[in-house]
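Engineer:
2 protein chains.
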Amino acid sequence: MRKNPIVQRETLGAAVLQIRSGRATSRTTLAKALGISPSTTGLYVDHLIAERYLNESGLNQGPMGRPRRLLTTQADAGWFAGVEFNAQRIQAVGVDFSGTLKSTVETLLPADVLAEQVMKSILCCVAKLAETMQGPLLSVGLGVPGLVDAHAGVGLYYAFIADWKQVPVVEILGSKLNVPVILQNNLRAIALAERWFGIGHGLNDYVILGPRSGFGVAMVQNGRVIEGAHHVAGEIGRWPWPLTGGADGGQELHHALSAPATWRRLAGEGGKGALPEDLRGALAALADSSGPEWDAVCADYARVIGLLHMIIDTGVFILHGPLTMLGERFCHSVTEAACSLMPVLRGVGLQVVPSTLGDNAGALGAASQAMEAWAPA
Amino acid sequence: MRKNPIVQRETLGAAVLQIRSGRATSRTTLAKALGISPSTTGLYVDHLIAERYLNESGLNQGPMGRPRRLLTTQADAGWFAGVEFNAQRIQAVGVDFSGTLKSTVETLLPADVLAEQVMKSILCCVAKLAETMQGPLLSVGLGVPGLVDAHAGVGLYYAFIADWKQVPVVEILGSKLNVPVILQNNLRAIALAERWFGIGHGLNDYVILGPRSGFGVAMVQNGRVIEGAHHVAGEIGRWPWPLTGGADGGQELHHALSAPATWRRLAGEGGKGALPEDLRGALAALADSSGPEWDAVCADYARVIGLLHMIIDTGVFILHGPLTMLGERFCHSVTEAACSLMPVLRGVGLQVVPSTLGDNAGALGAASQAMEAWAPA
DNA sequence: TGGGGTTTTTTCGCATTCGAATAAAAAGCC
DNA sequence: GGCTTTTTATTCGAATGCGAAAAAACCCCA
């Protein structure tokens with residue numbers, strides 16, 4: 008038996024992440040991924056297997072040489088909770104240690120809900136998840152709307168919950184749950200969700216488009232989410248925005264490209280009245296439409312995407328939120344419009360794609376945060 | 008005497024950087040800055056002093072306790088070359104080991120110059136610098152116009168030198184000079200120059216505005232220059248740009264905000280003819296002007312800055328190039344215009360400032376690259 | 001002048017981490 | 001089947017880097 012050294016928490020966590028994500032499958036590949044020597048890696052893996060976080064699951068024969076001893080995460084070693092909320096509802100997911108989504112809980116919030124109530128409901132959701140999950144809760148990720156100081160663990164401001172100002176979320180939840188709590192803006196959490204559960208798997212540079220009640224983006228640059236010096240990077244909803252084809256100047260991007268606004272514009276005369284109950288459904292019904300309204304909406308999206316692309320040069324734009332219901336065709340139209348509006352963009356691999364994740368992308372992203380932050384005790 | 012271990016090149020380089028930049032002044036502060044233990048730091052410092060890269064220069068008494076033994080870089084331990092060029096000229100600077108600018112060389116290039124000639128002239132400039140500098144040449148930084156693959160060390164494309172396509176600059180110069188050669192886009196090099204020689208000293212997030220013959224920006228996020236997935240981050244010159252107050256649609260940002268275009272707009276009727284020989288001087292003469300042209304130019308700049316700020320949330324915009332001649336007043340006007348155009352920007356500490364670096368900012372930035380990349384043999 | 005307090009630097013033993021060599025496990029080949 | 005070749009995992013000695021404690025250097029105050 009090998010000697011049993013004291014190993015570094017952080018490195019253990021990183022090792023588990025590599026195995027879970029499939030970027031490393033054996034001791035040697037793990038050594039390369041972590042940038043540490045094979046001998047040390049062996050010690051770490053031994054430790055993780057002894058603690059029942061990893062196990063060996065067969066061999067993988069390459070074209071030649073000794074086969075690699077495949078490493079996998081032990082699914083029942085514990086679980087991660089991911090929670091996202093807005094003024095209307097809380098969504099929570101339970102993810103097992105292997106990174107598989109196992110359980111989902113959704114709770115509607117009453118109108119004019121306050122911060123304290125939200126916190127309580129979140130605890131309630133996590134408790135409900137716990138009933139269905141195996142092993143101990145390891146950490147909790149939280150996707151918070153509005154302005155967030157992820158580092159400090161504080162929700163700074165959210166317009167649609169009256170007293171949501173400077174809420175020390177990590178402190179509040181951490182003391183109740185006794186596990187690490189990791190905060191992030193919900194759109195930036197979605198960016199992580201795409202890495203773990205969606206299209207962003209091998210991508211290092213992409214942008215999340217988040218048209219909901221407003222419009223914001225989250226940018227991933229070289230594998231890192233851009234936070235900004237004041238935590239407001241990507242909050243472009245208040246850009247002045249002259250609608251393409253429209254006459255009204257002095258508007259803001261929010262009013263042009265939010266999900267409700269987009270529906271109104273696409274629905275034409277039918278969009279004059281109140282918003283439909285089921286906005287996603289209503290948008291899905293418009294997925295095949297065309298005409299000047301369609302073209303105008305596409306042109307507006309195209310312009311935003313073009314501008315963004317030329318600033319941060321990412322390439323892939325992943326559309327989230329209700330507008331994914333407009334489908335691939337919409338995304339194609341936008342890509343096309345962007346290229347014809349800004350010919351430079353041809354040939355740089357610009358693409359707009361609808362997210363394959365559903366409504367719970369935010370919660371999944373929060374769970375991803377939890378996974379990334381975890382390290383064994 | 009302490010034992011004499013084999014130390015890590017990289018860490019030695021990082022240590023020198025910390026001392027040179029003044030972020031660390033003694034063994035203990037250096038240990039904190041590098042994130043290694045004081046005991047190990049002592050060994051590294053011993054090594055660097057023995058190799059004559061550092062020396063001790065007196066004591067610094069704090070309010071209490073043992074005084075720190077101040078560490079400084081040995082100015083004559085060697086020197087770094089920084090070179091920048093465009094289609095008209097080469098600028099080269101020599102910086103001693105303490106990071107002080109010691110020597111400058113400028114060479115004009117003939118019209119229709121080709122890549123090979125540029126390479127030769129660069130070597131010539133470096134040779135000229137060498138005559139005035141002490142110690143061995145340690146590394147060379149190069150600020151290259153156009154598209155650059157910094158990692159690969161290849162100049163990808165530059166419109167104003169006919170055969171500047173896929174030029175393996177690092178390979179060519181490295182083999183002649185036998186020292187490390189580090190490449191970067193010239194605007195991004197300027198971003199580094201601001202860190203070492205200008206306003207960006209303690210800043211982690213800022214944007215360089217580079218209006219010259221075109222318009223581009225370089226963005227620093229959390230201390231890192233944003234490169235983009237295809238090396239074109241910040242190349243926003245080809246944004247469609249409806250001039251504020253003007254009627255002509257279908258233009259591009261280049262045509263609205265480049266240095267010549269700005270002069271033309273500000274000069275009004277006087278700007279119809281040919282460009283003045285001395286554009287910087289001509290712009291300086293307009294620094295006190297006002298009227299609708301002035302306001303329109305400020306509004307255009309304001310809009311660009313506002314958009315950028317809301318995307319990447321940096322805060323400080325440093326103006327470079329000929330337009331710095333318009334002075335503080337111009338920058339103030341732009342800041343004001345941005346805040347009145349986008350009221351959200353009030354109170355987020357948005358500021359536009361003219362660079363204090365002169366015409367050779369690019370070369371200084373290239374030298375900064377060289378310094379940052381160097382590590383003892 | 002000498003002791004207590006404080007901060008920086010060094011000493012010293014220990015052990016984590018590495019490197020190189022070795023062992024292990026399989027394929028291909030005669 | 002034994003041989004080489006190739007790749008993966010482990011062993012083992014060496015040493016780099018760390019932590020704790022000691023030493024050094026200065027202040028202040030009696």
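Protein chains in written order, with the numbering used here: chain A, 8 to 384; chain B, 8 to 384. Beta carbons: idealized from backbone N, C-alpha and C, even for Gly.
Quick one: list the residues of chain B neighbouring Arg245/A, beta-carbon separation under 8 Å, in chain order.
Structural biologist: Translated into positions along the first sequence, residue 245/A becomes position 238. Met317, Met349 and Val351, listed in chain order.
Engineer: Please state if the CB of Gly85/B and the CB of Phe104/B are separated by a distance shorter than 8 Å.
Structural biologist: Locating residue 104/B in the second sequence gives position 97, counting from the first residue. Locating residue 85/B in the second sequence gives position 78, counting from the first residue. Yes. Within cutoff.
Engineer: What's the call for Leu282/A, buried or exposed, on a 16-neighbour Cβ count within 10 Å?
Structural biologist: Within the first sequence, the letter at position 275 stands for residue 282/A. Leu282/A counts as exposed, since fewer than 16 other beta carbons sit within 10 angstroms of its beta carbon.
Engineer: How is the beta strand (DSSP E) around Pro361/A delimited, first residue to last?
Structural biologist: By 1-based counting over the first sequence, the position of residue 361/A is 354. Here the beta strand (DSSP E) through Pro361/A covers Gln358 to Pro361.
Engineer: What ranges does the beta strand (DSSP E) occupy inside the stretch 269-346 of chain A, keeping only unbroken runs of at least 3 residues that lie completely in it?
Structural biologist: Whole beta strand (DSSP E) segments, 3+ residues: 323-326.
Engineer: Please report the residue range of the beta strand (DSSP E) in which Tyr164/B lies.
Structural biologist: Mapped onto the second sequence, residue 164/B falls at position 157. Residues Val161 to Tyr164.
Engineer: When you compare only the Cα positions, how much space is there between Val188/A and Asp53/A?
Structural biologist: Here the question's residue 188/A lines up with position 181 in the first sequence. Here the question's residue 53/A lines up with position 46 in the first sequence. Computed Cα separation, rounded: 28 Å.
Engineer: Counting contacts by CB-CB distance shorter than 8 Å, is Val6/B in contact with chain A?
Structural biologist: Shown here, chain B extends from 8 to 384; a query on residue 6/B therefore has no answer.
Engineer: Rounded to the nearest angstrom, what separates Phe204/B and Val360/B at their Cα positions?
Structural biologist: On the second sequence, position 197 is the one that residue 204/B refers to. On the second sequence, position 353 is the one that residue 360/B refers to. C-alpha separation (whole angstroms): 15 Å.
Engineer: In the DSSP assignment, what residue or residues form a beta bridge with Lys127/B?
Structural biologist: Taking the second sequence and counting its residues from 1, the one referred to as residue 127/B is at position 120. None; Lys127/B has no bridge partner.
Engineer: Quick one, which of Gly223/A, Gly235/A, Leu199/A and Ala225/A has its alpha-carbon nearest Val214/B's?
Structural biologist: By one-based count along the second sequence, residue 214/B stands at place 207. The shortest C-alpha separation from Val214/B is found at Gly235/A.
Engineer: Grab the span of the alpha helix (DSSP H) containing Pro45/B for me, first residue to last.
Structural biologist: Walking along the second sequence from the start, residue 45/B turns up at place 38. Residues Pro45 to Ala57.
Engineer: Hey, Gly150/B and Ala196/B: beta-carbon distance below 8 Å or not?
Structural biologist: The residue given as residue 150/B occupies position 143 in the second sequence. The residue given as residue 196/B occupies position 189 in the second sequence. A contact, by the Cβ cut-off of 8 Å.
Engineer: Along the alpha helix (DSSP H) that carries Ser105/A, what are the first and last residues, could you check?
Structural biologist: On the first sequence, residue 105/A is found 98 positions in, with the first residue counted as 1. Per DSSP, Ser105/A belongs to no alpha helix (DSSP H) and is neither H nor E.
Engineer: Closest to Thr363/B by CA distance: which of Ala99/B, Glu379/B and Leu330/B is it?
Structural biologist: Working through the second sequence from its first residue, we reach residue 363/B at position 356. Check the Cα spacing between Thr363/B and each of Ala99/B, Glu379/B and Leu330/B: the tightest is with Leu330/B.
Engineer: So that I know if they touch, is there some Cβ in chain B lying closer than 8 Å to that of Thr321/A?
Structural biologist: Locating residue 321/A in the first sequence gives position 314, where the first residue counts as 1. Thr321/A counts as touching chain B.
Engineer: Leaving out five residues on either side along the sequence, give the residues of the same chain with a beta carbon under 6 Å from the beta carbon of Arg27/B.
Structural biologist: Within the second sequence, the letter at position 20 stands for residue 27/B. Contacts found: Thr80 and Gly106.
Engineer: Determine, using beta carbons only, whether Val311/B comes closer than 8 Å to chain A.
Structural biologist: On the second sequence, position 304 is the one that residue 311/B refers to. Chain A contact via Cβ: absent.
Engineer: Is the beta carbon of Ala200/A sitting closer than 8 Å to the one on Leu371/A?
Structural biologist: Indexing the first sequence from 1 puts residue 200/A at position 193. Indexing the first sequence from 1 puts residue 371/A at position 364. For Ala200/A and Leu371/A, yes; Cβs fall inside 8 Å.
Engineer: Once DSSP output is grouped into helix, strand and coil, what is the label at Pro383/A?
Structural biologist: Here the question's residue 383/A lines up with position 376 in the first sequence. Coil.
Engineer: Taking the CB atoms as reference points, tell me whether Gly230/A and Gly244/A lie closer together than 8 Å.
Structural biologist: On the first sequence, position 223 is the one that residue 230/A refers to. On the first sequence, position 237 is the one that residue 244/A refers to. In this structure, Gly244/A does not lie closer than 8 Å to Gly230/A by Cβ.
Engineer: Check each candidate in Glu284/A, Gly280/A and Leu290/A and name the one with the smallest Cα separation from Leu273/A.
Structural biologist: Along the first sequence, read from residue 1 onward, the residue named residue 273/A stands at position 266. The option with the nearest alpha carbon to Leu273/A is Leu290/A.
Engineer: Would Ala254/B count as contacting chain A if we go by Cβ distances under 8 Å?
Structural biologist: Position 247 of the second sequence, counted from the first residue, corresponds to residue 254/B. Note that Ala254/B scores 48 on pLDDT, short of 50, meaning its location in the model is unreliable; the coordinates nonetheless yield the value given after this. Taking Cβ atoms only, chain A never reaches closer than 8 Å to Ala254/B, which makes this a no.
Engineer: Could you name the residues of the same chain whose beta carbon sits closer than 6 Å to that of Arg287/A, not counting the 5 residues immediately before and after it, in chain order?
Structural biologist: Position 280 of the first sequence, counted from the first residue, corresponds to residue 287/A. Hits under 6 Å: Pro329 and Met332.
Engineer: Give the range of the beta strand (DSSP E) segment to which Val90/B is assigned.
Structural biologist: The residue given as residue 90/B occupies position 83 in the second sequence. Taken as a continuous stretch (DSSP letters only), the beta strand (DSSP E) holding Val90/B covers Trp86 to Phe92.
Engineer: Helix, strand or coil: how does DSSP classify Gln376/B here?
Structural biologist: Reading the second sequence from its first residue, position 369 is the one you call residue 376/B. Correct three-state label for Gln376/B: helix.
Engineer: Do we get a CB-CB distance below 8 Å when we pair His54/B with the residues of chain A?
Structural biologist: As a first step, residue 54/B must be located in the second sequence, where it is residue number 47. Closer than 8 Å: no.
Engineer: So the beta strand (DSSP E) Phe167/B belongs to, where does it begin and stop?
Structural biologist: For the purposes of this step, residue 167/B is taken as the residue at position 160 of the second sequence. No beta strand (DSSP E) contains Phe167/B, which DSSP labels as neither H nor E.
Engineer: Go ahead and pull the three-state DSSP assignment for Gly365/B.
Structural biologist: As a first step, residue 365/B is located in the second sequence; it is residue number 358 there, counting from the start. Looking at Gly365/B - three-state DSSP - the assignment turns out to be coil, as it is neither helix nor strand.
Engineer: Roughly how many angstroms lie between the CA atoms of Ala254/B and Leu19/B, to the nearest whole one?
Structural biologist: Taking the second sequence and counting its residues from 1, the one referred to as residue 254/B is at position 247. Taking the second sequence and counting its residues from 1, the one referred to as residue 19/B is at position 12. Legend: pLDDT at Ala254/B = 48, less than 50; position of this residue unreliable, value from coordinates given subsequently. The alpha-carbon atoms of Ala254/B and Leu19/B are separated by roughly 58 Å.
Engineer: Can you name the residues that DSSP bridges to Gly223/B?
Structural biologist: Residue 223/B sits at position 216 when you count from the first residue of the second sequence. The bridge partners DSSP lists for Gly223/B are Gly217/B.
Engineer: When burial is assigned at 16 or more other CB atoms within 10 Å of the CB, is Gly298/B buried or exposed?
Structural biologist: For the purposes of this step, residue 298/B is taken as the residue at position 291 of the second sequence. The residue in question, Gly298/B, is exposed, as its Cβ has fewer than 16 Cβ neighbours within 10 Å.
Engineer: When you compare the CB of Gly221/B with every CB in chain A, is at least one pair closer than 8 Å?
Structural biologist: Against the second sequence, residue 221/B aligns to sequence position 214. No - not a single Cβ of chain A is within 8 Å of the one on Gly221/B.
Engineer: Any beta-carbon of chain A closer than 8 Å to the one on Ile43/B?
Structural biologist: Taking the second sequence and counting its residues from 1, one reaches residue 43/B at position 36. No, because no Cβ of chain A sits closer than 8 Å to the Cβ of Ile43/B.
Engineer: Check the Cβ-Cβ distances between Leu314/B and every residue of chain A, and say whether any is below 8 Å.
Structural biologist: Within the second sequence, the letter at position 307 stands for residue 314/B. Yes, because at least one Cβ of chain A sits closer than 8 Å to the Cβ of Leu314/B.
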